[in-house]
Amino acid sequence: MTVRFLVAGEASPELALRVLNLLALRSIAFDAASVERDGDTYRIGVAVSGLEDGVAELLLAKMRALVLVESATLSS
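Shown next as structure tokens:
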């Protein structure tokens with residue numbers, strides 16, 4: 037199953053790196069990623085498949101706790 041994270045936050049060059057680093061620290065390869073700028077906000081979408089039970093929710097909680105993040109959601 038593929039899950040999709042959508043993260044919105046301050047348009048800082050660090051934001052996308054912080055989000056993707058959460059995956060890299062767990063050696064999780066993503067299927068697709070996108071970054072869009074809308075004024076002072078970045079919208080980052082990341083699709084990941086094959087996560088074990090509970091990992092997506094854990095990653096979502098960590099994304100929400102990142103500096104610069106205004107919101108983070110998960111869909112499958």
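37 is the number of the first residue of the sequence shown in this note's numbering; add one for each residue after it.
Ideal placement from N, C-alpha and C gives every residue a C-beta, glycine not left out.
At least 8 Å separates the beta-carbon of V43 from that of A92.
Per the C-alpha coordinates, the member of S107, T109, V55 positioned closest to A69 is V55. With at least 16 other beta carbons inside 10 angstroms of its own, A108 counts as buried. Bounds of any beta strand (DSSP E) do not take in R54; it lies within the alpha helix (DSSP H) bounded by 49-61. Setting aside the 5 residues that flank it on each side, E106 is surrounded in the same chain by A44, G45, E46, T77, each with a C-beta closer than 8 Å to its C-beta; the list follows chain order.
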